[in-house]
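Same order as they appear, the protein sequences are chains A and B. Quick note on numbering: numbering that gives the first Met the number 0 labels position 112 of the first sequence as 111, and the sequence is numbered without any gaps. Quick note on numbering: numbering that gives the first Met the number 0 labels position 113 of the second sequence as 112, and the sequence is numbered without any gaps. Every residue, glycine too, gets a C-beta built ideally from N, C-alpha and C. Reading through the structure tokens given below for one structure.
2 protein chains.
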Amino acid sequence: MFEPLRDHIRKRIDLTEEEFVRSLEYFHPRRLKRHQFLLQEGDVCKHVAFVVSGCLRCYSVDSEGEEHIVQFAIEDWWISDPYSMLTGEPSQYSIDALEDSELLLLEKDSEQRLLRDIPKFERMFRLLLENRFVANQRRITSVLSASAEERYLNFLKMYPAIASRVPQVHIASYLGITPQSLSRIRRGMSEKKA
Amino acid sequence: MFEPLRDHIRKRIDLTEEEFVRSLEYFHPRRLKRHQFLLQEGDVCKHVAFVVSGCLRCYSVDSEGEEHIVQFAIEDWWISDPYSMLTGEPSQYSIDALEDSELLLLEKDSEQRLLRDIPKFERMFRLLLENRFVANQRRITSVLSASAEERYLNFLKMYPAIASRVPQVHIASYLGITPQSLSRIRRGMSEKKA
DNA sequence: CGATTTTTTGAATCATATCAACGTACGTGG
DNA sequence: CCACGTACGTTGATATGATTCAAAAAATCG
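This is the structure we're talking about:
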């Protein structure tokens, strides 16, 4: 269960065996069945989750009741609401499981203690945040400049592992289009190929 | 010239007078005339800039030659391409001045030394990154779920200081709509009010 | 297997883009 | 200080991509 996280960390920072063992103790496992929530809108986000297996989504609900997915997370990804976690304010997002999932949770205060205990983690979390920031920046550029079809193509290229396992409705929600439009786009694409 | 940065830091972390003085030495001033570049697409981003006065924009150019603004920066904001800076890869963005501007630059290796010298800055940069991440996340949600008019209204509310000083073309570019559409939206709004 | 969820399709509609033209403001060099 | 050029903003007519509503077909779940 802890192996994937261990590998994840090893790829990013140098730790001694002893530090590994110590750091992993700050995390605790959690299983989520499909449709279960890790975070509900209005609650304060108290932990960041590392995904060992499964698939989750983070989404907001607008005034019309429409869901908008801001992030997917599969194996080897992190998910949380950094803003709520940082400020302690209620989250505007919900996070739930699209498949039965296994997570390793790092509570807010465990994070603090981990950082104090092994400061090298400062660097790791900073890198992670930087990556997420950059991914978001790219996504903004793409949604501002590309057509729905281009964005879909881009999504397939960037996240083939996600595209092949989550229902189209959710991909449409991530792309900011209706499921009907995505269906037509796909038809258009297969006609072109044929 | 250094006062605004001093205040900026003071609001976020606790430093002794001596640490302030020492930290400011890692920064150096730079003046930019309107239309001058801080970063050109294809170059590697070598510094992060704190804006003392003036206004800059960070934008990408798509395959059709259209510019898309990903960020504005006015007094008390930071601007850079974190990805290029982190990886050393050529940037896909350009940063230029919309007004004559005064900046304080922190070079990549000065940043490293500053962090080693005064580790409290780790926290400050992490907070800044977190804020930028959150702002981006909000922007994604808004561009996915809101109409052009709602996005414009939202922009006016979030960034009144920017809305009142940059030309409409640039605001349109930030919102992901054409200048013509923005003009019509504004007409619609003033008709409603009247 | 039946029940629900997901995907597809069609027709009408809507928001925004595009193309083209004109008006206005701005600042720069003579 | 004026005039000219360039950048910016507005407007109209038309085109287009994506949405909406409605319903059927297909896939998946319990």
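Check whether the Cβ of residue i lies closer than 8 Å to any heavy atom of the ligand ADP, and answer yes or no.
i: B/D99; result: The ligand ADP is not part of the structure shown, which contains no ligands of any sort.
DSSP on residue i, reduced to helix/strand/coil?
i: A/F26; result: strand
i: B/S93; result: strand
i: B/V69; result: strand
i: B/S163; result: coil
i: B/H7; result: helix
i: A/V20; result: helix
i: A/H46; result: strand
i: A/I12; result: coil
i: A/E98; result: coil
i: B/I184; result: helix
i: A/I176; result: coil
By the DSSP assignment, the beta strand (DSSP E) with residue i in it spans what residues?
i: A/S59; result: C54 to V60
i: B/F1; result: Looking at the DSSP string, B/F1 is not in any beta strand (DSSP E), and its letter there is neither H nor E.
Check each candidate in the options and name the one with the smallest Cα separation from residue i.
i: A/Y151; options: A/V168, A/R122, A/L181 and A/P81; result: A/L181
i: A/S90; options: A/C44, A/A96 and A/S100; result: A/C44
i: B/E74; options: B/Q167, B/E98, B/F132 and B/E129; result: B/E98
i: A/R186; options: A/H169, A/E148, A/F154 and A/A160; result: A/E148
i: A/T86; options: B/L113, B/L126, B/E110 and B/F49; result: B/L126
i: B/D80; options: B/R164, B/K32, B/A134 and B/Y58; result: B/Y58
i: B/W76; options: B/L155, B/D61, B/V47 and B/Q179; result: B/V47
i: B/L31; options: B/Y92, B/S83 and B/A96; result: B/A96
i: B/Q39; options: B/S83, B/E106, B/S93 and B/R137; result: B/S93
i: B/R137; options: A/S52, A/D61, A/P3 and A/A171; result: A/D61
i: B/L155; options: B/M188, B/F124 and B/T140; result: B/M188
i: A/S83; options: A/K107, A/S100 and A/S52; result: A/K107
In angstroms with no decimal places, state the Cα-to-Cα distance between residue i and residue j.
i: A/S196; j: B/L55; result: Residue 196 of chain A is absent from the model: chain A starts at 0 and stops at 193.
i: B/I78; j: B/L102; result: 10 Å
i: B/H27; j: B/L104; result: 5 Å
i: B/F36; j: B/E88; result: 18 Å
i: B/Q167; j: B/M0; result: 30 Å
i: B/Q70; j: B/R131; result: 10 Å
i: B/S146; j: A/L174; result: 15 Å
i: B/H169; j: B/A162; result: 10 Å
i: B/A72; j: B/L113; result: 23 Å
i: A/M157; j: B/E16; result: 48 Å
i: B/K10; j: B/L128; result: 16 Å
i: A/R5; j: B/E65; result: 44 Å
i: B/I184; j: B/P178; result: 10 Å
i: A/R164; j: B/H7; result: 46 Å
i: A/L14; j: B/D42; result: 34 Å
i: A/A160; j: A/S100; result: 16 Å
i: B/P3; j: B/E121; result: 20 Å
i: B/V50; j: B/R29; result: 10 Å
i: B/I176; j: B/Q111; result: 39 Å
i: B/N135; j: B/N153; result: 14 Å
i: A/V133; j: A/I68; result: 17 Å
i: A/F124; j: B/A171; result: 35 Å
i: B/S52; j: B/E190; result: 35 Å
i: B/S109; j: B/I12; result: 19 Å
i: B/T140; j: A/I139; result: 10 Å
i: A/R33; j: B/E63; result: 43 Å
i: A/E18; j: A/V142; result: 42 Å
For the alpha helix (DSSP H) containing residue i, list its first residue and its last residue.
i: A/L113; result: K107 to D116
i: B/Q136; result: K119 to S144
i: B/F154; result: A147 to M157
i: A/V85; result: Correcting the residue identity first, residue 85 of chain A is Leu in this sequence and not Val. Run containing A/L85: P81 to T86, per the alpha helix (DSSP H) assignment.
Practice task
Determine, using beta-carbon pairs with one atom in the stretch 10-25 of chain B and one in the stretch 116-128 of chain B, whether at least three such pairs fall under 8 Å.
Solution key: yes
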